[in-house]
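**Q** According to the numbering used here, the stretch in the sequence shown is residues 56 to 212, in order. Beta carbons are placed, not taken as given, at the ideal position from N, Cα and C, and that holds for glycine.
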Amino acid sequence: MPPPHGREATLLPPDHNQGRQPDGTAFMCPYCEAVLPNPGAAQCDSCLRPLPQKGTPTLRVMFPTGELKVSVGQHLVLGRDAGQSPVASTFTQYDNVSRRHSTVWLDPSGTAWVRDEGSTNGTFVNGERLPRGVEAPLRNGDQLRLAADVTGTVQLN
Ligand SMILES: [Zn+2]
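1. Between which two residues does the beta strand (DSSP E) holding Glu172 run?
2. Just the Cα atoms here: how many angstroms apart are Pro163 and Gly128?
3. For Pro192, is the classification buried or exposed, using 16 other Cβ atoms within 10 angstroms of its Cβ as the cut-off for buried?
4. Can you give the Cα-Cα distance for Val209 and Pro85, rounded to whole angstroms?
5. Alpha carbon to alpha carbon, what distance is there between Phe82 and Pro90?
6. Within 10 angstroms of its Cβ, does Pro112 collect 16 or more other Cβ (buried), or is it exposed?
7. Are three or more beta carbon pairs between the segment 128-145 and the segment 179-198 nearer than 8 Å?
8. Leaving out five residues on either side along the sequence, give the residues of the same chain with a beta carbon under 7 Å from the beta carbon of Ala143.
9. Could you spell out the range, first to last residue, of the beta strand (DSSP E) harbouring Phe118?
10. In chain order, what residues of the same chain lie with their CB nearer than 7 Å to the CB of His156, ignoring the 5 residues before and after it?
11. When you compare only the Cα positions, how much space is there between Val152 and Trp168?
12. Does Ser144 come out as helix, strand or coil in the three-state DSSP assignment?
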């Protein structure tokens with residue numbers, strides 16, 4: 056008796072490969088209600104407005120002498136001079152931190168940045184010295200160091 060062949064394959068149920076995403080994953084622009092192909096997009100392709108990211112992003116830098124908190128749009132100058140930096144008290148005990156050392160900020164897309172302001176002893180991200188005036192991104196868990204030994208841990212969420 057010859058083995059059966061051929062027919063079974065055509066009787067299999069169809070695969071779930073119709074190419075449609077389940078409902079509920081659609082993500083709409085809150086301004087123009089265009090459907091966004093990428094929920095993590097920073098900008099709406101239709102109206103070109105920046106899109107809010109989930110939650111309100113906050114940048115924190117945890118220094119041994121205090122925790123700095125930066126909100127979206129805020130530029131925070133780090134340094135020892137109270138006339139230059141609103142958080143000078145965090146750094147007054149460190150003689151090697153400049154009066155105006157560096158600036159950290161958070162942009163509307165939730166990306167954090169740091170820029171060295173021409174400090175004497177340098178601004179470092181994960182051990183790499185930033186050239187003066189260059190904007191460098193900060194990621195969650197990065198080590199932000201001012202001068203030789205003032206290290207803060209970046210918390211971004
Ligand atoms: Zn839009």
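**A** Considering the structure as presented:
1. Residue numbering aside, residue 172 sits at position 117 when the sequence shown is read from its first letter. Secondary structure note for Glu172: it is in no beta strand (DSSP E), with a DSSP letter that is neither H nor E.
2. Here residue 163 refers to the residue found at position 108 when the sequence shown is read from its first residue. Here residue 128 refers to the residue found at position 73 when the sequence shown is read from its first residue. Distance between the alpha carbons of Pro163 and Gly128 is about 7 Å.
3. For the purposes of this step, residue 192 is identified with residue 137 of the sequence shown, where counting begins at 1. Looking at its Cβ environment, which holds fewer than 16 other Cβ atoms inside 10 Å, Pro192 is exposed.
4. By one-based count along the sequence shown, residue 209 stands at place 154. By one-based count along the sequence shown, residue 85 stands at place 30. About 30 Å.
5. Translated into positions along the sequence shown, residue 90 becomes position 35. Translated into positions along the sequence shown, residue 82 becomes position 27. It should be noted that the sequence gives Val, not Pro, for residue 90. C-alpha separation (whole angstroms): 6 Å.
6. The residue given as residue 112 occupies position 57 in the sequence shown. Burial call: buried.
7. no
8. Within the sequence shown, residue 143 is the residue found at index 88, counting from 1. Here Ala143 has Gly134, Arg135, Asp136, Ala137 as same chain residues with Cβ atoms under 7 Å from its own Cβ, once five neighbours each way along the sequence are excluded.
9. What you label residue 118 is simply residue 63 of the sequence shown in a count that begins at 1. 113-118 is the extent of the beta strand (DSSP E) around Phe118.
10. Position 101 of the sequence shown, counting from 1, holds the residue named residue 156. Leu133, Gly134, Glu172, Ser174, Thr178, Leu201.
11. As a working note, residue 152 is residue 97 in the sequence shown. As a working note, residue 168 is residue 113 in the sequence shown. Roughly 19 Å separates the two Cα atoms.
12. Locating residue 144 in the sequence shown gives position 89, where the first residue counts as 1. Of the three classes helix, strand and coil, the one that applies to Ser144 here is helix, per DSSP.
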